[in-house]
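**Q** Have a look at the structure that comes next, please.
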Amino acid sequence: MRHVSSQKERDKAAIMAVVRRFGPLSRVDVHGLTQFRPSGISLLVRELLEEGKLQEAGPSNNPLGRKQTLLRINEGLGFVVGVEWDVSTLMAASLDLRPQIIAAVSEPTNLSEGADGLIRQLLSCARQAIERASSAGQTPLGIAVADPGLVDTEKGVTITSSQMEFWRNIPLQQIFEEEFKVPFLLESNTRAMTIAERMLGAGEKTDDMVYIDYRTGVGAGVITGGSILRGSNESAGEFGHTHVVENGPACKCGSFGCLEAMTSAAALANKARKGVLEGGTSEVLTIAGRPEFITGAHVLEAARRGDRMCSSLVEDMGNHLGLGIANLVNLFNPSVVVFGGLLELAGERLLEQMSRIVKRQALPHNTKNLQFRFGKLGPQAGVLGAGMLVLEKLFEIPALKPPKFLVSTPENRRSPIGL
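Numbering (my numbering), first residue to last: 1045 to 1463.
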């Protein structure tokens, strides 16, 4: 009897998972996806409706045949929390089951107190996001952190970070589960943003995509065949530590001539700061106020406004970044390259420049249908991706048939991704 009950609960969980992922769905759709017997689906769906886990969402808009009642997941079951950070900004957000952000907290990242201070800040921001979402009477179902370092997702440990020497061997899973008593997942922030843009943003309708995470550092996420590329040690995507200049400037990773050392927002800020201190005139100083306050975002904004010095710096950055992306295009043959982080601040001119370089340097066969886009999710991409990872884990779907010929409306469905 215990086995029967367990199998029944697994079947109900599978129905909830497909309805959350692809819904709203009819019972016929659920049968097509799960291959459960129609009579069994009717029984399980009735119980899920009685338990308040599923809700009826009205009739289908199928123009042919009989209208069917659609099912959706009850979004009041709870919420998940996504936390994403880099050396500049830390954000935590609570997401409902759609997923949409229902509460968010954003702060400058505190690096002045080492690992202990940063851990306290991560916990504090997650707690604030939970408290703001819990005011509606819901409870957190799980938490994920999208971390800028190299991570061990199985153990939930941050291994190292080239930008913060103190951020090594941090057992985030243990820390968060002890604090919040809910399931926890750890992911790299670039992969989390890649997943979010693939599922909800600029790469929503492609199975082969490269995402460029351009901020203080430079990273890349790769979707190939609908699955995210991780690598044997989960360190795939360290795009910023590919070499573009022999004997170039020192990188924080310990090497020289890395793309990140040449092109990152931090590198841009350093070059602009040096130019201003050496007597150069630039609107970036008006934007920042003082040389020591100049950031990469200020340089990109000044370039967009037509500032000569910053335009030259951004053009040089775009040349190096474009060459690096051409290599990615030859290696992975994506259908779209999505630019995230700060790059949108420079505007379409930079996008067009890098597009020209990639099409000039990469194989013509690999670029003939290639598209270049800015990301759609902005600074929320990381927390959305982290939250989606929790939802995918909580509502894990067994092996399914491809979702074809669903009664539900296609625009309400999202394709699965190999996580």
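Backbone N, C-alpha and C fix where the C-beta goes; we use that ideal spot for every residue, glycine too.
Thinking C-alpha only, which one of K1199, T1250, G1158, L1421 is nearest F1220?
**A** Cα-wise, what sits closest to F1220 is K1199.
**Q** According to DSSP, simplified to helix, strand and coil, what is T1245?
**A** The question names Thr, but residue 1245 is Gly in the sequence shown. Coil at G1245, not helix or strand.
**Q** What does the alpha-carbon distance come out to for the pair R1054 and G1084?
**A** Cα to Cα, R1054 sits roughly 13 angstroms from G1084.
**Q** Would you kindly work out how many angstroms separate the C-alpha atoms of L1098 and A1136, rounded to a whole number?
**A** Spanning the two alpha carbons is a distance of roughly 28 angstroms.
**Q** Mind reading off the beta-carbon distance from V1402 to A1370? Whole number of angstroms is fine, and I expect it under 8 angstroms.
**A** With 8 angstroms as the limit, V1402 and A1370 qualify as a contact, their Cβ atoms being about 5 angstroms apart.
**Q** Do you know offhand how far A1406's Cα is from Q1217's?
**A** Each residue's Cα considered, the two are about 41 angstroms apart.
**Q** Quick check on Q1051: buried or exposed, where buried means 16 or more other Cβ atoms within 10 Å of its Cβ?
**A** Exposed.
**Q** Are the beta-carbon atoms of L1433 and E1248 separated by less than 7 angstroms?
**A** No, these two residues do not count as a Cβ contact at 7 angstroms.
**Q** Assess contact between the stretch 1416-1425 and the stretch 1241-1259, defined as three or more Cβ pairs (one per stretch) separated by less than 8 angstroms. Is contact present?
**A** In short, these stretches touch, since the Cβ pair count reaches three.
**Q** Mind checking whether A1430 and L1386 have CB atoms under 7 angstroms apart?
**A** Their beta carbons are not under 7 angstroms apart, which means A1430 does not touch L1386 by this criterion.
**Q** Going straight from the alpha carbon of I1163 to that of T1113, what length do you get?
**A** So the alpha carbons of these two residues sit roughly 47 angstroms apart.
**Q** Can you tell me where the alpha helix (DSSP H) with Q1397 in it begins and where it stops?
**A** Counting along the chain, the alpha helix (DSSP H) containing Q1397 begins and ends at 1392-1405.
**Q** In the DSSP assignment, find the unbroken alpha helix (DSSP H) run with D1360 in it and report its ends.
**A** 1352-1376 is the extent of the alpha helix (DSSP H) around D1360.
**Q** I'd like to check one pair, P1378 with D1251: are the Cβ atoms closer than 7 angstroms?
**A** No.
**Q** Going residue by residue through the stretch 1138-1220, where are the continuous alpha helix (DSSP H) segments of at least 4 residues, counting only ones entirely within it?
**A** You should have 1158-1178.
**Q** Taking R1116 as the reference, give the member of L1273, V1089, V1125 with the closest Cα.
**A** Among L1273, V1089, V1125, the Cα nearest to that of R1116 is on V1089.
**Q** Starting from G1269 and walking both ways along the beta strand (DSSP E), at which residues does that stretch end?
**A** Neither: G1269 is in no beta strand (DSSP E) and is coded neither H nor E.
**Q** When DSSP builds the beta bridges, which residues end up paired with L1229?
**A** Paired residue(s): A1188.
**Q** Whole angstroms is fine: what's the gap from E1278's alpha carbon to T1330's?
**A** Looking at the two C-alpha atoms, the distance is approximately 42 angstroms.
**Q** For the pair the stretch 1203-1212 and the stretch 1285-1297, tell me if three or more CB-CB distances fall below 8 angstroms.
**A** The stretch 1203-1212 is in contact with the stretch 1285-1297.
**Q** For K1111 and I1239, what's the separation of their Cα atoms in angstroms?
**A** Distance between the alpha carbons of K1111 and I1239 is about 34 angstroms.
**Q** With H, G and I counted as helix, E and B as strand and the rest as coil, what does DSSP make of P1446?
**A** The predicted model places P1446 with a pLDDT of 42, which falls under 50 and marks its position as unreliable, so this point remains unresolved.
**Q** Between Q1218 and chain B, is there a C-beta pair that is closer than 7 angstroms?
**A** Looking for chain B here will not work: only one protein chain is present.
**Q** Helix, strand or coil for V1382, going by three-state DSSP, please let me know.
**A** Residue state, collapsed to three classes: strand.
**Q** Determine the burial state of D1191: buried for a count of at least 16 other Cβ atoms within 10 Å of its Cβ, exposed for fewer.
**A** So D1191 counts as buried.
**Q** Using the C-alpha atoms, what's the distance from N1374 back to K1296?
**A** Whole-angstrom Cα-Cα distance: 27 angstroms.
**Q** Straight-line CA distance for S1156 to W1129?
**A** One C-alpha to the other measures close to 15 angstroms.
**Q** Within the continuous alpha helix (DSSP H) that includes A1347, where are the two ends?
**A** Unbroken alpha helix (DSSP H) run through A1347: 1340-1348.
**Q** Give the single residue among F1337, E1327, L1365 whose Cα lies nearest to the Cα of D1351.
**A** Closest by alpha carbon: E1327.
**Q** Taking its Cβ as the centre, do 16 or more other Cβ atoms sit within 10 Å of D1160, making it buried, or is it exposed?
**A** That one is exposed.
**Q** With the cut-off set at 7 angstroms, would you say G1093 and L1438 are in Cβ contact?
**A** Correcting the residue type first, residue 1093 is Leu in the shown sequence and not Gly. No; because the gap between Cβ atoms is not below 7 angstroms, this pair is not in contact.
**Q** Between which two residues does the alpha helix (DSSP H) carrying P1408 extend?
**A** Run containing P1408: 1408-1411, per the alpha helix (DSSP H) assignment.
**Q** Among A1236, A1305, R1334, which has the Cα closest to the Cα of A1264?
**A** Minimum Cα distance to A1264 is reached at A1236.
**Q** When you compare only the Cα positions, how much space is there between L1428 and E1091?
**A** For L1428 and E1091, the distance between alpha carbons rounds to 31 angstroms.
**Q** Please classify P1152 as buried or exposed, where buried requires at least 16 neighbouring CB atoms within 10 angstroms.
**A** Looking at its Cβ environment, which holds fewer than 16 other Cβ atoms inside 10 Å, P1152 is exposed.
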